[in-house]
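Here the protein sequences come in this chain order: A and W.
The numbering of the first sequence is numbering that gives the first Met the number 0, which starts it at 0 and goes up by one.
The numbering of the second sequence is numbering that gives the first Met the number 0, which starts it at 0 and goes up by one.
Beta carbons: idealized from backbone N, C-alpha and C, even for Gly.
What follows is a set of notes on a single structure, which appears directly below.
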Amino acid sequence: MSEIKTFEIDFGKVHSERMRLNVGPQHPSTHGVLRLEVELEGEIVTEVVPHIGYLHRCFEKHAENMTYPQVIPYIDRMDYIAAMNNELPYVMGMEKLLDIKVNERIEYIRVICAELNRIANHQLAVATFGLDSGAFTPFLFLFRDREMIITLFERLSGGRLLYNYFWIGGLMHEVPPNFEEDCRAIIKQVRATNAETMNLLIYNKIFIERTANVGILPADVAVNFACSGPVIRGSGVPYDIRKTEPYSIYDRFDFNVCVGRGEVGTVGDCWDRNIVRMEEMEESCKIIEQALEQMPKEPCDVREFVPKRIKPPKGEFYSKAENPKGELGFYIISDGGLKPTRVRSRATSFVNLSVLPEISKGYMVADLIMILGSLDIVLGEIDR
Amino acid sequence: MKYFKDIWTSLYTIFVGLKITGFHLFEKKVTMQYPDLVHPIKDNLIPLNSRNRIEVDMNRCDGCGSCARACPVNCIEVDLVKVTPGDDIPLFYDGKPRKTWVTKYNLDFAKCCFCSLCIEACPTQANRMTQEFEYAEYDRNNLLYMMSPLTPEEAEVKKKMWADYSAAKKKADAEAKAAAEAKAAAEAKANEADKQ
């Protein structure tokens, strides 16, 4: 038997130092391959540095070697949750440059597809946000409904997530015959599940305790960081491009811009950003219902205005649209040839992520995950 | 007071959630035990225009290469050679004799991005997207589909045949041209001699 050792511990000189911790890049809570370099004081976050670039696919360089229609499959792969919304600003801008006027029905189909995809995106955002906070059941219900939308899109375009459906000057296919009934069935199901999710997740006391008064983003900071989408609307700024600068045919619909009101906490906390997404799903349902009523019923030739050779005149343009995650814009420079000289995209998630180091200081590590989840980022769009 | 109220709301909202999930126990199942029970194709759950494996009908393909130019990821390689006159001429899909041999049609499915731009570009509707989605392979090289009706050896033979034929034709043409020129020169000389 060895003798019992005794240690002299001086509790008066407890040495404390800040710890640097890596969250990600392979972590389920970072929503992709994002690496967060976190500096911790005990369990309090003092500094966050997001490191990006693990999913970089050279979209902008690739686009310089593509003809204009070939760029669209690459745009799908930017924000792969809402590919229809991604295609919309590019296609609208190209039509403006080529001076093509598509007919009414195509515009309505585009709006319906974009709004359906917005619902699908918000369902996934709310579902994964619940998953981050430890609620697994709403995730299953919301994914079940998202499957309906994806199945409809598969019947429209053939792809489940990456559609290549909006073409410059038209659409890929005409909609299937029972499109309208399917849309109405989806709206009905979305509303039913939203009502359930409100009780199951949003007004759950545990969820409120996790998210209210966490990650407060004041309105002036949100404006200074050029945030957009539910992130800025959660801070109480009613900025929605569909309302402020209506594109396509959005000026014909009656819908509200949802803003955070600080119902259970402070304006601009994680709970507000989440409730804005829940309310926007309802607004999207309203837009789809109005569009289905106003839409011309006669099927038309959706490829009537699709040019054989797309050769836009010399020029440059910026076109933007309201993505589910915020403002998505494309700046395209044409030198009059078959290929664009430069395609620059203003990626929404990239700009929204930049506010994370600002708002996550002083919270716990577990709150950092909630703040990141409430920003609803997609790494495919950040790295492009 | 707030302490007890918080405990009450926590318990209450938990039971509200449990009630909702409890009712879902008795609903119809939406999940499918995919490989064992229901095959999606049998149930017509795969739409007709869904974009899966590409099928190329080589009877229709004339090797124009429109699909290769339309592809954003360059996964198609097409090469062709003209049919030598006198060779056994294969028939095209519409019964007309073929003008070209497609010596190479390589479709690399490891690269394909399923955008279906090649389908839209084809002037003869040779390729189409099928509903077939189970084509996983253990070896990546098996995903390179070589669709050409000719084996590489046969392709070499056809290429050599056309090269020999065109060389011979070129030579014959050159000879004929030289002969015609010589004849014309001789005639011109004779004409000049006649004039004098």
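Closest by CA to residue i, which one among the options?
i: Val-263/A; options: Arg-159/A, Ile-205/A, Val-236/A; result: Ile-205/A
i: Cys-299/A; options: Ser-333/A, Pro-24/A, Pro-176/A, Thr-45/A; result: Pro-176/A
i: Asp-254/A; options: Glu-36/A, Ile-286/A, Thr-192/A, Ala-365/A; result: The displayed chain sequence assigns Phe, not Asp, to residue 254/A. Nearest option by C-alpha distance: Ile-286/A.
i: Leu-96/A; options: Pro-306/A, Arg-276/A, Met-363/A; result: Pro-306/A
i: Ser-156/A; options: Ile-45/W, Phe-132/W, Gly-16/W, Met-0/W; result: Ile-45/W
i: Gly-235/A; options: Cys-269/A, Glu-244/A, Pro-245/A, Arg-251/A; result: Cys-269/A
i: Gly-168/A; options: Leu-371/A, Arg-308/A, Pro-237/A, Glu-357/A; result: Arg-308/A
i: Lys-296/A; options: Leu-54/A, Asn-102/A, Ser-28/A; result: Asn-102/A
i: Thr-30/W; options: Phe-142/A, Asn-120/A, Asp-98/A, Asp-78/A; result: Phe-142/A
i: Glu-326/A; options: Gly-361/A, Pro-88/A, Met-294/A; result: Pro-88/A
i: Cys-114/W; options: Ala-181/W, Gln-124/W, Ala-184/W, Pro-71/W; result: Pro-71/W
Taking DSSP as the reference, what is the three-state secondary structure of residue i?
i: Leu-160/A; result: coil
i: Ala-320/A; result: strand
i: Tyr-89/A; result: helix
i: Lys-168/W; result: helix
i: Leu-123/A; result: helix
i: Ser-65/W; result: helix
i: Ile-167/A; result: coil
i: Val-408/A; result: Residue 408/A lies beyond the range of chain A shown here (0 to 383); nothing can be said about it.
i: Ile-207/A; result: helix
i: Met-428/A; result: Nothing can be reported for residue 428/A: it is not among the residues displayed for chain A, which extend from 0 to 383.
i: Pro-295/A; result: coil
i: Val-80/W; result: strand
i: Thr-150/A; result: helix
i: Thr-8/W; result: helix
i: Asp-181/A; result: helix
i: Lys-28/W; result: coil
i: Pro-96/W; result: strand
i: Arg-139/W; result: helix
i: Val-146/W; result: With the sequence shown as reference, residue 146/W is identified as Met, and Val is not the correct amino acid for it. DSSP places Met-146/W in coil when its eight states are reduced to three.
i: Pro-137/A; result: helix
i: Pro-229/A; result: helix
i: Pro-34/W; result: coil
i: Pro-49/A; result: strand
i: Met-77/A; result: coil
i: Pro-339/A; result: strand
i: Asp-375/A; result: coil
For residue i, which residues in the same chain have their Cβ closer than 8 Å to its Cβ, ignoring the five residues on either side in sequence?
i: Ile-376/A; result: His-30, Gly-31, Leu-33, Lys-324, Ser-348, Asn-351, Leu-352
i: Met-0/A; result: The predicted position of Met-0/A is uncertain, since its pLDDT is 45 and thus under 50; a value taken from the coordinates is nonetheless stated next. The answer is none, since no qualifying residue turns up.
i: Asn-126/W; result: Ile-53, Glu-54, Val-55, Asp-56, Cys-60, Cys-66, Cys-117, Ile-118
i: Cys-182/A; result: Ile-111, Leu-115, Leu-151, Ile-287, Leu-291
i: Lys-41/W; result: Low confidence applies here, because Lys-41/W scores a pLDDT of 49, under 50, leaving its location unreliable; read the following figure in that light. For Lys-41/W, where only same-chain residues beyond five positions count, there are no Cβ hits under 8 Å.
i: Ile-186/A; result: Cys-284, Ile-287, Glu-288
Pull up the DSSP beta-bridge partners for residue i, would you.
i: Gly-31/A; result: His-26/A
i: Lys-128/W; result: Reading the sequence as shown, one finds Met at residue 128/W and not Lys. According to DSSP, which records beta bridges pairwise, Met-128/W is partnered with Ile-53/W.
i: Val-44/A; result: Leu-39/A
i: Phe-329/A; result: Ser-318/A, Ser-344/A
i: Ile-239/W; result: This structure does not reach residue 239/W, given that chain W is present from 0 up to 195, and the question cannot be answered.
i: Ile-75/W; result: Leu-106/W
i: Arg-19/A; result: Glu-38/A
i: Val-101/W; result: Leu-79/W
i: His-172/A; result: DSSP output for His-172/A lists no bridge partner at all.
i: Leu-90/W; result: Pro-96/W
i: Met-363/A; result: Ile-43/A
Assuming residue i and residue j form a contact by the criterion Cβ under 8 Å, report the distance between their Cβ atoms to the nearest whole angstrom.
i: Arg-109/A; j: Ser-247/A; result: 7 Å
i: Ile-51/A; j: Asp-382/A; result: 6 Å
i: Leu-355/A; j: Val-47/A; result: 6 Å
i: Leu-161/A; j: Arg-76/A; result: 6 Å
i: Ser-147/W; j: Lys-103/W; result: 5 Å
i: Val-125/A; j: Asn-273/A; result: 6 Å
i: Glu-315/A; j: Ile-332/A; result: 4 Å
i: Glu-63/A; j: Phe-165/A; result: Actually they do not touch by this definition, with Cβ atoms about 21 Å apart.
For residue i, I'd like the list of residues in its chain whose CB is within less than 7 Å of its CB, leaving aside the five on either flank, ordered along the chain.
i: Asn-212/A; result: Gly-264, Thr-265, Asp-268
i: Val-189/A; result: Ile-118, Asp-144, Met-280, Cys-284
i: Arg-17/A; result: Glu-38, Leu-39, Glu-40, Thr-45
i: Glu-42/A; result: Met-363, Val-364
i: Ala-69/W; result: Leu-116, Cys-117, Ala-120
i: Leu-54/A; result: Gly-31, Val-32, Leu-378, Gly-379, Asp-382
i: His-121/A; result: Arg-276, Glu-279, Met-280, Pro-323
i: Tyr-238/A; result: Ser-227, Ile-231, Arg-232
i: Ile-88/W; result: Val-82, Pro-96, Arg-97
i: Thr-192/A; result: Phe-140, Leu-141, Asp-144
By Cβ distance below 6 Å, which residues in the same chain neighbour residue i in space, the five residues on each side in sequence not counted?
i: Ala-109/W; result: Arg-139, Leu-142
i: Asn-116/A; result: Ala-81, Met-83, Asn-84
i: Arg-241/A; result: Tyr-249, Glu-321
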